[in-house]
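Here is the structure we will look at.
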Amino acid sequence: MPANLTPQYLAAEQAFKEAETTEDRIRCLEDMFRLLPKHKGTDHLQGDLRRRLSKLRDQQQKESSAGGKRGHSHKVSKDGAGQVALAGTPNAGKSRLVQALTNARPEVAPYPFTTRVPHAAMMPFRDTKVQLVDMPPVSAEHEEHWVVDLFKAADMVLIVLDITTDPLDQLEYIDAHFRQRKLFRGRREEIDEHDQLPGAVYRPVLMACNKVDTPADDELFELFRELAETDIPALPVSAEQGRGLEDLRQAIWDTLRVIRVYSKTPGHKADITEPYVLPAGSTVLDLAVTVHRELAEQYKYARIWSENKYDGQMVNREEPLSDGDIIELHT
Ligand SMILES: Nc1nc2c(ncn2[C@@H]2O[C@H](COP(=O)(O)OP(=O)(O)OP(=O)(O)O)[C@@H](O)[C@H]2O)c(=O)[nH]1
Ligand SMILES: [Mg+2]
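Sequence positions in the sequence shown follow our numbering and run -7 to 323.
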């Protein structure tokens, strides 16, 4: 049987040949694997791709334990309901904003290039926490390869602009910088397969326009919103004065598209202090798998309590969950 490789697959293969770092090669191979038609005729190729992937992953492991080939590398392991990496030009107020949203105290200074390494901090939100990663500024100066890799690995990017100094230029600069490094805004599942670029990474993006301290700054923000021809949602904030932070927290949460679900043991009250965090659209079965593999295997049925729909009714495993649902799993 002929393999019938699609143009998308061939484009990903081309990107693989051109990839310069191990991370990029891995990403391209993953794309190729995803785009490879899965049938008898491609069995051999599937095996080949798997082997090459595992070899590259080994290599990546070795590189990172050896400190990487090109100087220092920084990885931030994920924690909480989602990882949000802050992107902005020097001095935009990223570190100050992380201070305002968390208990962390990253260094803030009135000159550019203060932050040199990533700094993770937890932002409390309702009964869970979101991980913010304060980053060095987006800039071609002092650029190290791990910076863009970290943005690509995050669940979403929060662009921080300084509203008082040419925010349109800042946005344009950041956009171009990421585009050149194959990081695009959006969600892969929402982009037509034909429009997806080989080797590209897609991440949802939200924008915080910082330093909106005074009514005059409000006007600057309105002007920016009119002139910036972008579909990225933008919120006015002042990290210094604590303005707009509640709306920003909520918008970050919404952009992550996750839900909190509580698991309840039969005969006991629900533990409503520690929710499970799942991608929006998850089902009862997804929860069971998350709670415990064994539970998913022995699963018989579930009861559900929700805001205004259910009050302990039995539902099947395909039932989609909503934020705040309480689930009692029976085996
Ligand atoms: N007026 C005003 N100043 C702010 C605000 N947020 C931050 N700043 C000031 O802007 C300067 C830069 O803040 P940082 O948080 O260090 O900026 P950064 O984006 O982390 O900078 P780099 O680490 O160099 O990329 C500091 O002097 C802050 O006090 C704000 O909301 N209003
Ligand atoms: Mg900083």
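Don't be surprised by glycine CBs; every beta carbon is placed ideally from N, CA and C. Computed from a predicted model, the values in this text were never measured in an experiment.
- The three-state secondary structure of A4, taken from DSSP, is helix.
- Per DSSP, D161 lies in no beta strand (DSSP E) segment; the continuous alpha helix (DSSP H) that holds it begins and ends at P159 to Q172.
- Our two residues, R252 and N(-4), have alpha carbons roughly 43 Å apart in a direct line.
- When secondary structure is reduced to three states using DSSP, R195 falls in the strand class.
- Ligand 1 has no heavy atom closer than 7 Å to the beta-carbon of N95.
- When DSSP states are grouped into helix, strand and coil, T247 belongs to the helix group.
- For the 8 Å CB-CB criterion, D119 and P267 form a contact.
- For a cut-off of 8 Å, the C-beta gap from L93 to M115 is around 5 Å, short enough to register as a contact.
- The beta-carbon separation of A73 and L150, rounded to 14 Å, does not stay under the 8 Å limit for a contact.
- Burial state of N83 is buried, judged by a 10 Å Cβ sphere holding 16 or more other Cβ atoms.
- A113 sits buried, since 16 or more C-beta atoms from the chains shown fall within 10 Å of its C-beta.
- Collapsing the DSSP output to three states places G234 in coil.
- Residues of the same chain with a CB within less than 6 Å of the CB of K144, apart from the 5 flanking positions on each side, are L175 and V193 in chain order.
- With a beta-carbon spacing of about 17 Å, L27 and L48 fall beyond the 8 Å limit used to define contacts.
- Each of S230, Q51, Q290 and Q0 was checked against the Cα of I18, and the nearest Cα belongs to Q51.
- By the Cβ neighbour-count rule, K9 is exposed, with fewer than 16 other Cβ atoms within 10 Å of its own.
- Annotated three-state conformation of I319 is strand, per DSSP.
- Taking 7 Å as the cut-off, the C-beta of S87 counts as close to a heavy atom of ligand 2.
- In the three-state reduction of the DSSP assignment, L124 falls in the strand class, which pools E and B.
- Annotation for S298 indicates a beta carbon at 7 Å or more from all heavy atoms of ligand 1.
- A distance below 7 Å between beta-carbons, with the five flanking residues on each side excluded, links P258 to the following residues of its chain, in chain order: E320 and H322.
- For A145, the enclosing alpha helix (DSSP H) covers residues H137 to A145.
- Contact between L163 and A243 is ruled out by a C-beta separation of about 17 Å, above the 8 Å threshold.
- In this structure, the beta-carbon distance from I224 to L240 does not fall below 8 Å.
- Relative to ligand 1, P207 has its C-beta separated by 7 Å or more from all heavy atoms.
- Between F105 and P159 a beta carbon distance of about 20 Å is seen, past the 8 Å cut, so the two are scored as non-contacting.
- Across the structure, D147 and E181 are spaced so that their CA atoms are roughly 14 Å apart.
- Between D263 and S69, the alpha-carbon positions lie close to 27 Å from each other.
- One thing to note: Q305 has its Cβ no nearer than 8 Å to the Cβ of I318.
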